[in-house]
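Trainee: Have a look at the structure that comes next, please.
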């Protein structure tokens, strides 16, 4: 298969480009226009460096040490030192895809020609990405202001041939060895370059882009599992009518309702809510599924708007303007990205919470309208899915803790020069955990709803064609069906893989066509 190529110019990149490089190992190429713009801005920096006037990041120290003027013979050492000293991360290694996104997005900003870095530094960044070399970056170290300083410093350290990195074979070795093995010369930093390599929101932005891609699929998956549960509970699909959602015109709500309606089309199980214990209305967790999932969709749309703006941005301090001025600024502050990262964690928690309530309803014989207790084969002898719901509840409880915003916190640093920070990196890290846990919660609802629909079908009911397609695909993916108690964890793992890999959505779409 031919390797995908992402060409980077001076006007930013798109979310698809980030995903292609971070997750798909796409090759990065630099446009001639970007290299020309980078060279042009570098000339401005070199002119300033030759003058006696102090300029932040060019001929001064950094942060609270910016009051010191640095003489020309010490400036290369200054730039090396900022990389070495700021590479102060600790804790577990960060995932490879996060580091690749981090490096690519920093490259994107440098390609803008607003940082004053030489073209050869930019080319080395592309060469390291294309060689599959991944710097070792640690979990803790970023406050999300002056950007993701520590994570970006660990990446910059690799460009210098220092520190450790992972090779394309997955083995961690000294960066100098990896660069030599791929014919890449270490960078000798000059004025402004060390600072420019580590002064951005690239880590939190990369994680936002990847979380948004995952959540887009999960919101669709949650609509499918909500529809399966509604059907298994013999609920009514009348609440999904488009005219009802038009009177409260939130676009995400309408999209979720339309998805559920498509999945349920042709069902012989819906609409029986008046049969055995008559219900005027289904419970909130069933009836309000589009409203909750739809609110999450609209939150995601806002987050994507923020990401789109940030992907077009050049985040550095100081920044080289088009007219040659070099100006200090506060664009490195991560607040815009941090807020939406936290907002998405709230949406994850609430979507998981309503899914868990639907699962619990499926397992409770007093509320499931004829299904056996815990969907067990022989209740009492078999426990069925009792503890699967416990697992789901534990995940939901964790998600509620992860929904506490990181961006509401701040802690001063750099001798009170950097006295308000975004904590955006922390918001991004907990969102990744939230997305993983939401995936597992939806997988457990799928597992329960599929078993319930099997039992309905065995009793003579007729699930919707899309529901049957999901059941068939899930079974083919190793998600076992109803029966006596067995070791349950492998089944749940198979369900999780089915949801995470997109199998749930693809299976439904074989009948429904494209879902929102």
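In the working numbering, the protein residues as written are 1035 to 1550. We put the CB at the ideal spot given by N, CA and C, even for glycine.
Candidates 1538, 1479, 1460 and 1476: which alpha carbon is nearest residue 1128's?
Mentor: In the chain shown, the residue the question calls residue 1128 occupies position 94. Checked all of 1538, 1479, 1460 and 1476; the closest Cα to residue 1128 is 1460.
Trainee: State the start and end residues of the unbroken alpha helix (DSSP H) segment that holds residue 1298.
Mentor: As a working mapping, residue 1298 is identified with position 264 in the chain shown. Its alpha helix (DSSP H) spans residues 1285 to 1298.
Trainee: Would residue 1372 and residue 1448 be called neighbours here (beta carbons separated by less than 8 Å)?
Mentor: Indexing the chain shown from 1 puts residue 1372 at position 338. Indexing the chain shown from 1 puts residue 1448 at position 414. No, they are not a contact pair.
Trainee: Taking the alpha carbon of residue 1339 as the point to measure from, which residue in 1239, 1351 and 1317 has its own alpha carbon closest?
Mentor: As a first step, residue 1339 must be located in the chain shown, where it is residue number 305. Ranking the options by Cα distance to residue 1339, first place goes to 1239.
Trainee: Give a yes or no on contact between the segment 1152 to 1161 and the segment 1427 to 1442, applying the rule of three or more CB pairs nearer than 8 Å.
Mentor: In short, these stretches do not touch, since the Cβ pair count stays below three.
Trainee: Count Cβ pairs between the segment 1495 to 1503 and the segment 1530 to 1550 that sit closer than 8 Å; are there 3 or more?
Mentor: Counting Cβ pairs under 8 Å, three or more are found: they touch.
Trainee: Suppose contacts are defined by Cβ-Cβ distances below 8 Å. Is residue 1376 in contact with residue 1516 by that definition?
Mentor: Mapped onto the chain shown, residue 1376 falls at position 342. Mapped onto the chain shown, residue 1516 falls at position 482. Contact: no.
Trainee: Look at residue 1538 and residue 1485 and say whether their C-beta atoms are less than 8 Å apart.
Mentor: Numbered from 1 along the chain shown, position 504 holds the residue referred to as residue 1538. Numbered from 1 along the chain shown, position 451 holds the residue referred to as residue 1485. It is not a contact, given that the beta carbons lie outside the stated cut-off.
Trainee: Tell me which residues share the same chain as residue 1473 and place their Cβ nearer than 8 Å to its Cβ, disregarding the 5 neighbours each side in the sequence.
Mentor: By one-based count along the chain shown, residue 1473 stands at place 439. Excluding positions up to five away in sequence, the list reads 1248, 1252, 1530, 1533 and 1534.
Trainee: Residue ranges of each alpha helix (DSSP H) run of no fewer than 4 residues wholly in the segment 1428 to 1500, ordered along the chain?
Mentor: Runs found: 1458 to 1492.
Trainee: Terminal residues of the continuous beta strand (DSSP E) containing residue 1064?
Mentor: Counting from 1 along the chain shown, the entry for residue 1064 is found at position 30. Residues 1061 to 1064.
Trainee: Going by DSSP, what residues sit across from residue 1094 in a beta bridge?
Mentor: Your numbering for residue 1094 matches position 60 in the chain shown. BP columns for residue 1094 point to 1103.
Trainee: When we look at the beta-carbon of residue 1177 and count the other beta-carbons within 10 Å, is it buried (16 or more) or exposed?
Mentor: Position 143 of the chain shown holds residue 1177. The residue is buried, with at least 16 neighbouring Cβ atoms inside 10 Å.
Trainee: Taking the alpha carbon of residue 1216 as the point to measure from, which residue in 1175, 1164 and 1206 has its own alpha carbon closest?
Mentor: One-based indexing of the chain shown puts residue 1216 at position 182. Selected option, being the one with the closest Cα: 1164.
Trainee: Excluding the five sequence neighbours on either side, which residues of its own chain have a C-beta within less than 6 Å of the C-beta of residue 1488, listed in chain order?
Mentor: Looking up residue 1488 in the chain shown gives position 454. Correct list, in chain order: 1515 and 1516.
Trainee: Tell me the start and end of each unbroken alpha helix (DSSP H) in the segment 1143 to 1190 that is at least 4 residues and wholly inside, in chain order.
Mentor: Listed in chain order, the complete alpha helix (DSSP H) runs (minimum 4 residues) inside the segment 1143 to 1190 are 1153 to 1164.
Trainee: According to the Cβ coordinates, are residue 1180 and residue 1452 closer than 8 Å?
Mentor: Here residue 1180 refers to the residue found at position 146 of the chain shown. Here residue 1452 refers to the residue found at position 418 of the chain shown. The answer is yes: Cβ separation under 8 Å.
Trainee: Residues in its own chain within less than 6 Å of residue 1144 by CB, not counting five upstream and five downstream?
Mentor: The residue labelled residue 1144 in the question sits at position 110 within the chain shown. Hits under 6 Å: 1151 and 1156.
Trainee: Go ahead and label residue 1351 buried or exposed: buried means 16 or more other beta carbons lie within 10 angstroms of its beta carbon, across all protein chains shown.
Mentor: Locating residue 1351 in the chain shown gives position 317, where the first residue counts as 1. Buried is the call here.
Trainee: Starting from residue 1124, follow the beta strand (DSSP E) in both directions and report where the run begins and ends.
Mentor: Against the chain shown, residue 1124 aligns to sequence position 90. Element bounds for residue 1124: 1124 to 1127.
Trainee: Determine the direct distance from the alpha carbon of residue 1480 to that of residue 1162, and round the result to whole angstroms.
Mentor: Within the chain shown, numbered from 1, the residue matching residue 1162 stands at position 128. Within the chain shown, numbered from 1, the residue matching residue 1480 stands at position 446. Their backbone Cα atoms lie some 42 Å apart in a straight line.
Trainee: DSSP three-state call for residue 1248: helix, strand or coil?
Mentor: As a working note, residue 1248 is residue 214 in the chain shown. Here residue 1248 sits in helix by DSSP.
Trainee: Suppose you measure from the CA of residue 1278 to the CA of residue 1348; what does that come to, to the nearest Å?
Mentor: Here residue 1278 refers to the residue found at position 244 when the chain shown is read from its first residue. Here residue 1348 refers to the residue found at position 314 when the chain shown is read from its first residue. Spanning the two alpha carbons is a distance of roughly 44 Å.
Trainee: Could you compute how far the alpha carbon of residue 1254 sits from the alpha carbon of residue 1497?
Mentor: Residue numbering aside, residue 1254 sits at position 220 when the chain shown is read from its first letter. Residue numbering aside, residue 1497 sits at position 463 when the chain shown is read from its first letter. When rounded, the distance between both Cα atoms is 19 Å.
Trainee: Decide if residue 1290 is buried, meaning its Cβ has at least 16 other Cβ atoms within 10 Å, or exposed.
Mentor: Mapped onto the chain shown, residue 1290 falls at position 256. It is buried - the Cβ of residue 1290 has at least 16 other Cβ atoms within 10 Å.
Trainee: Just how far apart, CA to CA, sit residue 1183 and residue 1109?
Mentor: Numbered from 1 along the chain shown, position 149 holds the residue referred to as residue 1183. Numbered from 1 along the chain shown, position 75 holds the residue referred to as residue 1109. Cα to Cα, residue 1183 sits roughly 20 Å from residue 1109.
Trainee: For residue 1331, report the span of its beta strand (DSSP E) as first-last.
Mentor: What you label residue 1331 is simply residue 297 of the chain shown in a count that begins at 1. Note, residue 1331: premise wrong, no beta strand (DSSP E); alpha helix (DSSP H) at 1323 to 1345.
Trainee: What is the C-beta distance between residue 1228 and residue 1190, in whole angstroms, given that I count them as a contact (C-beta under 8 Å)?
Mentor: Taking the chain shown and counting its residues from 1, the one referred to as residue 1228 is at position 194. Taking the chain shown and counting its residues from 1, the one referred to as residue 1190 is at position 156. With a Cβ gap of about 7 Å, residue 1228 and residue 1190 count as contacting.
Trainee: Note the first and the last residue of the continuous beta strand (DSSP E) segment covering residue 1199.
Mentor: Looking up residue 1199 in the chain shown gives position 165. Segment 1198 to 1200, the beta strand (DSSP E) holding residue 1199.
Trainee: Would you decide whether residue 1363 is buried or exposed? Buried here means 16 or more other CB atoms lie within 10 Å of its CB.
Mentor: On the chain shown, residue 1363 is found 329 positions in, with the first residue counted as 1. By the 10 Å Cβ count, residue 1363 comes out exposed.
Trainee: Measuring CA to CA, which of 1266, 1142, 1332 and 1271 is closest to residue 1402?
Mentor: Looking up residue 1402 in the chain shown gives position 368. Checking every option, the nearest Cα to that of residue 1402 belongs to 1266.
Trainee: Roughly how many angstroms lie between the CA atoms of residue 1087 and residue 1148, to the nearest whole one?
Mentor: Indexing the chain shown from 1 puts residue 1087 at position 53. Indexing the chain shown from 1 puts residue 1148 at position 114. Distance between the alpha carbons of residue 1087 and residue 1148: 21 Å.
Trainee: Just mark residue 1285 as buried or exposed, buried being the case when its beta carbon has 16 or more other beta carbons within 10 Å.
Mentor: Mapped onto the chain shown, residue 1285 falls at position 251. It counts as exposed.
Trainee: With DSSP collapsed to three states, give me the class of residue 1041.
Mentor: Here residue 1041 refers to the residue found at position 7 of the chain shown. Strand.
Trainee: Put residue 1057 into one of helix, strand or coil per three-state DSSP.
Mentor: Position 23 of the chain shown, counting from 1, holds the residue named residue 1057. Three-state DSSP puts residue 1057 in coil, outside helix and strand.
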